[in-house]
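Undergrad: Let me begin by handing over the structure; questions about it come next.
Number of protein chains: 2
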Amino acid sequence: MSDAPSFRNPTAHDVARLAGVSQSAVSRAFTAGASISPDKREKIIAAADQLGYRPNILARSLIQGTSKVVGVVFGQFENPFFAHALDRFAEEFAARGLRILLFTAKTNATVDEQVAELLSYKVSAVILMAVNLSSKLAAECARSNIPVVMFNRTTEEDHAAFTVTGDNAAGATAIARHFLATGRKRIAYMAGYDDSSTSRQREAAFFAALADSGLPPPRRAIGHYSRHGAIEATRALFASASDQPDALFCANDLMAIAAIETLRAEFGIEPGAQCAVAGFDDIPMASWPSFSLTTYSQPVADMVARAVAFIAGETGEEQAVVVPGKLIVRNSA
Amino acid sequence: MSDAPSFRNPTAHDVARLAGVSQSAVSRAFTAGASISPDKREKIIAAADQLGYRPNILARSLIQGTSKVVGVVFGQFENPFFAHALDRFAEEFAARGLRILLFTAKTNATVDEQVAELLSYKVSAVILMAVNLSSKLAAECARSNIPVVMFNRTTEEDHAAFTVTGDNAAGATAIARHFLATGRKRIAYMAGYDDSSTSRQREAAFFAALADSGLPPPRRAIGHYSRHGAIEATRALFASASDQPDALFCANDLMAIAAIETLRAEFGIEPGAQCAVAGFDDIPMASWPSFSLTTYSQPVADMVARAVAFIAGETGEEQAVVVPGKLIVRNSA
DNA sequence: CTGTTAGCGCGTTCAC
DNA sequence: GTGAACGCGCTAACAG
Numbered sequence: 001m002s003d004a005p006s007f008r009n010p011t012a013h014d015v016a017r018l019a020g021v022s023q024s025a026v027s028r029a030f031t032a033g034a035s036i037s038p039d040k041r042e043k044i045i046a047a048a049d050q051l052g053y054r055p056n057i058l059a060r061s062l063i064q065g066t067s068k069v070v071g072v073v074f075g076q077f078e079n080p081f082f083a084h085a086l087d088r089f090a091e092e093f094a095a096r097g098l099r100i101l102l103f104t105a106k107t108n109a110t111v112d113e114q115v116a117e118l119l120s121y122k123v124s125a126v127i128l129m130a131v132n133l134s135s136k137l138a139a140e141c142a143r144s145n146i147p148v149v150m151f152n153r154t155t156e157e158d159h160a161a162f163t164v165t166g167d168n169a170a171g172a173t174a175i176a177r178h179f180l181a182t183g184r185k186r187i188a189y190m191a192g193y194d195d196s197s198t199s200r201q202r203e204a205a206f207f208a209a210l211a212d213s214g215l216p217p218p219r220r221a222i223g224h225y226s227r228h229g230a231i232e233a234t235r236a237l238f239a240s241a242s243d244q245p246d247a248l249f250c251a252n253d254l255m256a257i258a259a260i261e262t263l264r265a266e267f268g269i270e271p272g273a274q275c276a277v278a279g280f281d282d283i284p285m286a287s288w289p290s291f292s293l294t295t296y297s298q299p300v301a302d303m304v305a306r307a308v309a310f311i312a313g314e315t316g317e318e319q320a321v322v323v324p325g326k327l328i329v330r331n332s333a
Numbered sequence: 001m002s003d004a005p006s007f008r009n010p011t012a013h014d015v016a017r018l019a020g021v022s023q024s025a026v027s028r029a030f031t032a033g034a035s036i037s038p039d040k041r042e043k044i045i046a047a048a049d050q051l052g053y054r055p056n057i058l059a060r061s062l063i064q065g066t067s068k069v070v071g072v073v074f075g076q077f078e079n080p081f082f083a084h085a086l087d088r089f090a091e092e093f094a095a096r097g098l099r100i101l102l103f104t105a106k107t108n109a110t111v112d113e114q115v116a117e118l119l120s121y122k123v124s125a126v127i128l129m130a131v132n133l134s135s136k137l138a139a140e141c142a143r144s145n146i147p148v149v150m151f152n153r154t155t156e157e158d159h160a161a162f163t164v165t166g167d168n169a170a171g172a173t174a175i176a177r178h179f180l181a182t183g184r185k186r187i188a189y190m191a192g193y194d195d196s197s198t199s200r201q202r203e204a205a206f207f208a209a210l211a212d213s214g215l216p217p218p219r220r221a222i223g224h225y226s227r228h229g230a231i232e233a234t235r236a237l238f239a240s241a242s243d244q245p246d247a248l249f250c251a252n253d254l255m256a257i258a259a260i261e262t263l264r265a266e267f268g269i270e271p272g273a274q275c276a277v278a279g280f281d282d283i284p285m286a287s288w289p290s291f292s293l294t295t296y297s298q299p300v301a302d303m304v305a306r307a308v309a310f311i312a313g314e315t316g317e318e319q320a321v322v323v324p325g326k327l328i329v330r331n332s333a
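Chains as they are written, first to last, in full-length UniProt numbering: chain A, 1 to 333; chain B, 1 to 333.
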């Protein structure tokens, strides 16, 4: 395989020679809206087909200084919410002729490296899903005129990025009120990460709504937005048999579902009556009969559409879009 | 945003001027293993930092005729098996300095388009996850010396692609034997797609093993590898109250889990005793207490590692790798 | 509408 | 070890 006959792909020159035209004519034949006569175009296309020619997108991008590629940095593969969002992005982008260059980052530290490399690829935009970018790199992107979208995260710094999130405050408040309205007293909260704006915003609004009703601050554990972490957090919260919560709000559905299963399997608690469990996102799984999870929805399709609109420059001056969701009451709370 | 001051990114020339060296020296400073004196390299790096210079990967790839990018065409976002595999690919690639250009294809027809475009990007390999490629495009890839990997699919055509799959035949046979050993008589099969090699291979081995024991061919329905399709297929298979199956083998775990929930919610059947349900893949969800799904495992990490090894040229002449899994017996069967 | 010309930014000879 | 010169494949600006 190493010393194959070093096949050279046909270039526009080759096609031009075969079709008896100039190389730039070939270029025009492959450029939508270029001025070229139909018959000449046909002849060129025929010659190209014969040779198996395809324009080299790298060369094109080099000239134009930008590629039809969007860099996506992805954090959480475990959470179906983001898988779904990635799917939606792929579809929206495909419709606009954009491609996805995918990076994954397990830690925030690597995000900067990834984005730095994305700049080398002259991507036309960067999307950060569930990860944070340093302001230094945000500035670099701005300097190169590359729009940056933070998906499901916000940032304190102005103009560092366009952010699109669900309505964390409204959602957490709705969950709190629902708990209160159904007479819950010993309420607990399971956070994602402490450095996740999403988790912090949900927590702040949740705590505030409870405090408004004179309740003490909830018990609290950190589930790291993962199933494994959520199981451990549930164990910690319910360890004391004499003082178990009667309601649990988890910062996302993935953790809430893990909590439900742990309560059933390890504590003999059937979520709903004895202890209410609520999540956030309304991932498809939340509606599965095994979980029937009460949650606050984040409309993925809308959120993605807003992000794509921004990238496409179809948006005004707004920097932070909050897409409203709604409380979905099911059997778990 | 449209008429920003049209910022030009610094080039190697700019750095060279600032550092008082030639442009090729700059190139060498950024090329691992190039011969350049340490102090000169330092000076260049300093100048580059000051200017915020990063090599333009597009230009580099244009010269070298290949980019450190692997094209991935992705079919099924709904199935966590593939999400997990994509995650593993991302990690393995990152370790080798490879990037992922992601395409999605809902239909087989679009796969050809996607791959054709990947060729324009001069990708160094193509990975097809759960989709089929026409032999025409496979040939084009071969002509351009671009290795093609079909992940979890096989092809009849020789040398069209490197394929890596789980052990469909052994797995389906193991499930069949397990059903037989536990006294099941009225056995049903839920296929994925009829044009999926994976589904066909599992079906063939499953039917053969049952036939060996003198059982009639199972009842059969098509679940389209989706939750929705699996729910409908389950309804169809269990519609006649007088003749319900006592065992159901689904072509993947995602469908098996949907079947389990449908049996519980709509037919009052608790999988395990009255009716056995088995899947294929051993996705993480299969082990969740709500499902406790009996299944045959496909070791994602191994499969991905084999695929990556092939791309990296660390593999011999083999064209079709079958990675063995094992029967995982849980409560559902 | 068409061909000619001049680069895009960088890696890679090739002399020194 | 270093710089000059060339060219990767293509688009864009220009003249006809």
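C-beta atoms are modelled at their ideal positions from N, C-alpha and C, and glycine is treated no differently.
1. Kindly indicate which residue of G316(A), P324(A), H228(A) and V300(A) has the alpha-carbon position closest to the one of F89(A).
2. Using 8 Å as the threshold, is the region 64-79 of chain A in touch with the region 108-124 of chain A, meaning 3 or more CB pairs across them?
3. Please say whether A236(B) and E203(B) have beta carbons closer to each other than 9 Å?
4. Considering just the uninterrupted stretch of the beta strand (DSSP E) at T165(B), what are its terminal residues?
5. What does the alpha-carbon distance come out to for the pair G313(B) and I283(B)?
6. Using a Cβ-Cβ cutoff of less than 7 Å, which residues in the same chain neighbour L210(A) once the five nearest sequence positions on both sides are dropped?
7. Rounding to the nearest angstrom, what Cα-Cα distance links K139(A) and S120(A) in this structure?
8. Measuring only between beta-carbons, confirm whether F207(B) sits less than 9 Å from chain A.
9. By DSSP, does S2(A) sit in helix, in strand, or in coil?
10. Whole-angstrom Cβ separation of Y53(B) and D14(B), contact assumed at under 8 Å?
11. Rounded to whole angstroms, what is the Cα-Cα separation between H159(B) and D194(B)?
12. What span of residues does the alpha helix (DSSP H) with M255(B) cover, start to end?
13. Any idea if V149(A) is buried or exposed, counting beta-carbon neighbours within 10 angstroms, 16 or more meaning buried?
14. Helix, strand or coil for R41(B) per DSSP?
15. Would you list the residues sitting across from R177(B) in a DSSP beta bridge?
16. Once you ignore the five residues that flank S297(B) on each side, which residues in its own chain have a CB closer than 6 Å to its CB?
17. Start and end of the alpha helix (DSSP H) containing D282(B)?
18. For the structure I just gave you, are there three or more beta carbon pairs, one from the region 225-235 of chain B and one from the region 254-265 of chain B, closer than 8 Å?
19. Closer than 8 Å, Cβ to Cβ, to anything on chain B: give me those residues from the region 245-274 of chain A, in chain order.
20. Leaving out the 5 sequence neighbours to the left and right, which residues in its chain are closer than 7 Å to V123(B) when beta-carbon positions are compared?
21. Taking Cβ-Cβ distances shorter than 8 Å, what residues in chain B pair up with H84(A)?
22. If S197(B) sits next to A191(B), beta carbons under 8 Å apart, how far is it from one beta carbon to the other, in whole angstroms?
23. Closer than 8 Å by beta-carbon distance: list the chain B residues that pair up with E91(A), in chain order.
24. Just to confirm, is the Cβ distance from A276(B) to L248(B) under 9 Å?
25. Relative to the alpha-carbon of W288(A), which residue among R330(B), E261(B), A286(B) and G279(B) has its alpha-carbon at the smallest distance?
26. Consult DSSP for F310(B) and reduce its assignment to one of helix, strand or coil.
27. Output the residue ranges of the alpha helix (DSSP H) runs that lie fully inside the UniProt domain "HTH lacI-type" (10-64) of chain B and measure 4 residues or longer, sorted by chain position.
28. Quick one: what's got a C-beta closer than 7 Å to A307(B)'s C-beta in the same chain, skipping five residues either side?
29. Are there 16 or more other CB atoms within 10 angstroms of the CB of R184(A), so buried, or fewer, so exposed?
30. Do I44(B) and A16(B) have their C-beta atoms closer together than 9 Å?
31. What number of angstroms, rounded off, separates the C-alpha of A105(B) from the C-alpha of G75(B)?
32. Of the residues that make up the region 118-151 of chain A, which ones have a beta carbon closer than 7 Å to any beta carbon in chain B?
33. Identify each residue in the region 280-291 of chain B for which the Cβ-Cβ distance to at least one residue of chain A is less than 7 Å, and report them in chain order.
34. What residues match up with A221(B) in a beta bridge as DSSP calls it?
35. Run down chain B in chain order and give the residues with a C-beta less than 8 Å from the C-beta of G52(A).
TA: By the coordinates alone:
1. V300(A)
2. yes
3. no
4. F162 to G166
5. 29 Å
6. A176, I187 and P218
7. Inspection of the sequence shows that residue 139(A) is occupied by Ala rather than by Lys. Each residue's Cα considered, the two are about 15 Å apart.
8. no
9. For S2(A), the predicted structure reports a pLDDT of 36, less than 50, and the residue's modelled location is therefore unreliable. A value from the coordinates is still provided. Looking at S2(A) - three-state DSSP - the assignment turns out to be coil, as it is neither helix nor strand.
10. 7 Å
11. 23 Å
12. D253 to F267
13. buried
14. helix
15. Beta-bridge pairing links R177(B) to no other residue.
16. D282, G325, K326 and I328
17. It is not in any alpha helix (DSSP H) - D282(B) carries neither H nor E in the DSSP assignment.
18. yes
19. E261, R264 and A265
20. S67, V69, V70, G71, L101 and I146
21. F77
22. Contact flag wrong, Cβ pair sits at about 12 Å.
23. T104
24. yes
25. E261(B)
26. helix
27. 12-19, 23-29, 38-51 and 57-64
28. I127, V149, F151 and V164
29. buried
30. yes
31. 5 Å
32. L119, S120, Y121, K122, E140, R143, S144 and N145
33. W288, P289 and S290
34. M190(B)
35. E140 and R143
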